[in-house]
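This report concerns only the one structure given below.
Chains as they are written, first to last, in the numbering used here: chain A, 1 to 100; chain B, 101 to 483.
This is how it looks when you write it as structure tokens:
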């Protein structure tokens with residue numbers, strides 16, 4: 001997986017419309033054996049969130065405590081540094097979710 | 101047109117550091133041809149099921165590689181559908197015969213995974229997911245963990261219930277000399293194994309494996325080649341959203357339900373008529389849900405029925421995953437769908453030895469790609 005500038009540019013047009021949107025956790029898991037680019041972050045929770053518009057999204061949960069790992073927990077979409085990039089790659093940011 | 105399975109063969113599955121992908125393919129193909137009393141020149145086309153050779157092995161022209169190994173330069177077509185690559189290769193091969201273009205076709209499933217670090221394999225397998233899932237840092241165990249969470253919540257199923265799937269499949273694997281793991285395990289072993297993606301633990305997950313499997317199928321009179329050919333009564337495929345979070349249900353895979361319904365109709369049978377099934381247990385939860393989606397258990401009862409021994413060899417009328425399934429036999433991704441067919445053919449011929457299911461006449465193979473993004477169902481029967 002690479003984050004080329006053009007991929008990031010395409011994605012950010014959509015990403016920026018989601019910042020601050022609220023939703024609730026439908027399902028969660030704790031990833032303990034991650035893909036390479038996420039290794040420094042492990043273990044980390046991944047959640048499926050239903051936004052108030054009804055749209056469902058998958059994302060990482062950030063700034064969490066044990067008590068936040070429950071179905072129905074209200075979260076908000078924030079923009080965060082994505083993953084580990086190769087030395088020459090553009091830094092990537094994306095939507096993650098934060099307990100509200 | 102009736103299409104039949106002639107000979108088939110599976111290599112040993114496991115961490116096979118001493119053999120190359122070419123060695124694996126050659127062994128499976130030559131054994132399959134031998135059991136079909138055929139020479140390479142009798143083959144009209146080759147279909148290859150594989151997922152990762154382009155990503156991990158830098159080999160993205162696999163059809164020709166396999167043709168070169170076989171030494172016949174017929175049409176050679178590589179098919180990919182993540183973990184359902186093998187099943188979809190067979191389906192495509194069947195359609196090649198139905199079209200009238202080919203008579204005798206060799207179908208090979210192959211994967212070489214243990215040459216690579218588990219980091220690289222985990223990342224490579226996520227090529228079967230969506231961009232949204234990859235950016236979220238999800239892994240395949242993670243996607244199935246989300247499904248497991250939904251299933252446990254909805255039906256009051258416990259981690260111990262799910263562990264029963266791995267216990268059954270390891271027992272069956274202990275009877276299979278080709279299996280990667282031939283040692284029985286207990287529910288306690290599963291419960292104390294390390295956590296991969298909660299609630300799934302190491303022993304809920306199928307392993308990283310090397311292996312190949314091959315079958316020969318024909319549209320001609322099969323008795324010309326084989327004393328006990330097996331009929332392909334149905335070959336059906338359905339797909340679903342690539343992203344898990346875009347599904348309306350997390351506790352049933354609609355691609356499986358759709359393909360199975362169609363396959364039962366084409367074969368003219370009902371789920372209760374199946375004697376032996378190979379179910380795609382990439383994770384314990386996958387077999388629990390698969391058992392329900394195929395109509396073998398009521399909704400919410402799959403894991404509990406399996407844990408109660410309802411589908412265990414020597415106990416159940418219907419036996420599931422006599423090969424040991426993906427969990428114990430191993431899961432060389434592209435080979436799995438063909439291994440299922442080889443196992444069912446042996447069961448229906450009565451040559452499965454210690455793991456023979458009594459009076460098996462109808463077999464079903466359930467091969468699933470990604471998180472349920474594509475499902476292939478084959479129904480086989482004795483003549």
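Note that beta-carbon positions come from the ideal geometry of N, C-alpha and C, so glycine has one too. Given the structure is predicted, the values throughout are model-derived calculations rather than measurements.
Beta strand (DSSP E) containing residue 467(B): first to last residue?
That run of the beta strand (DSSP E) goes 462 to 469.
On a Cα-Cα basis, can you pick out the residue from 450(B), 153(B), 460(B) and 454(B) that is closest to residue 327(B)?
It is 450(B) whose Cα lies nearest to the Cα of residue 327(B).
Are the C-beta of residue 307(B) and some C-beta of chain A separated by less than 8 Å?
Closer than 8 Å: no.
Taking the alpha carbon of residue 374(B) as the reference point, which residue from 319(B), 478(B), 239(B) and 192(B) has its own alpha carbon closest?
The shortest C-alpha separation from residue 374(B) is found at 478(B).
Residue 465(B) versus residue 379(B) - alpha carbon distance
CA-CA distance, residue 465(B) to residue 379(B), rounds to 6 Å.
Check for me: the beta strand (DSSP E) holding residue 212(B) runs from which residue to which?
Residue 212(B) -> beta strand (DSSP E) spans 204 to 212.
Just the Cα atoms here: how many angstroms apart are residue 131(B) and residue 299(B)?
Distance between the alpha carbons of residue 131(B) and residue 299(B) is about 41 Å.
So with Cβ pairs under 8 Å, would you call residue 241(B) a contact of chain A?
Yes, residue 241(B) lies at the interface with chain A (some Cβ there is under 8 Å from its Cβ).
Using a C-beta to C-beta distance shorter than 7 Å, which residues of chain B count as neighbours of residue 102(A)?
The question about residue 102(A) has no answer here: the residues shown for chain A are numbered 1 through 100.
Which term fits residue 467(B), buried or exposed, when burial requires 16 or more other beta carbons within 10 angstroms of its beta carbon?
Buried, since its Cβ has 16 or more Cβ neighbours within 10 Å.
Interface partners of residue 253(B) on chain A, CB under 9 Å:
Simply 27 and 71.
Using the C-alpha atoms, what's the distance from residue 443(B) back to residue 410(B)?
Approximately 20 Å, taken between the alpha carbons.
Rounded to whole angstroms, what's the CA-CA distance from residue 363(B) to residue 109(B)? Just pull it up for me.
Straight across, the Cα-Cα distance linking residue 363(B) with residue 109(B) is about 25 Å.
Starting from the C-beta of residue 230(B), find all residues in its chain whose C-beta is less than 6 Å away, skip the five residues before and the five after it, and write them out in chain order.
So the list reads 342 and 343, once near-sequence residues are dropped.
Identify each residue in the segment 73 to 84 of chain A for which the Cβ-Cβ distance to at least one residue of chain B is less than 9 Å, and report them in chain order.
For the segment 73 to 84 of chain A, the beta-carbon criterion of a distance under 9 Å to any beta-carbon of chain B is satisfied by 82 and 83.
How should residue 101(B) be labelled, buried or exposed, when 16 other C-beta atoms within 10 angstroms of its C-beta is the threshold for buried?
Per the 10 Å Cβ criterion, exposed.
Interface residues of chain B facing residue 33(A) [CB-CB closer than 8 Å]:
What residue 33(A) touches in chain B: 218, 222, 239, 241, 296 and 297.
Quick check: the Cα distance between residue 173(B) and residue 303(B), rounded to an integer number of angstroms?
Rounded to the nearest angstrom, the two C-alpha atoms are 43 Å apart.
What's the call for residue 14(A), buried or exposed, on a 16-neighbour Cβ count within 10 Å?
Label assigned to residue 14(A): exposed.
For the alpha helix (DSSP H) holding residue 191(B), just list the boundary residues, first then last.
Run containing residue 191(B): 185 to 198, per the alpha helix (DSSP H) assignment.
Against chain B, does residue 41(A) count as a neighbour if the rule is that its beta carbon must be under 8 Å from one of theirs?
So, interface residue.
Taking residue 18(A) as the reference, which of 7(A), 58(A) and 45(A) has the closest Cα?
Nearest to residue 18(A) by C-alpha distance, out of 7(A), 58(A) and 45(A), is 58(A).
Any residues in the segment 47 to 64 of chain A with a beta carbon nearer than 7 Å to a beta carbon of chain B? Which ones, in chain order?
Listed in sequence order: 48, 56, 57, 58, 59 and 60.
Would you mind telling me which residues of chain B sit closer than 7 Å to residue 44(A), beta carbon to beta carbon, in chain order?
By Cβ distance, chain B contributes 237.
Straight-line CA distance for residue 194(B) to residue 152(B)?
The C-alpha of residue 194(B) lies about 23 Å from the C-alpha of residue 152(B).
Among 143(B), 155(B) and 221(B), the one whose alpha carbon lies nearest that of residue 36(A):
Among 143(B), 155(B) and 221(B), the Cα nearest to that of residue 36(A) belongs to 221(B).
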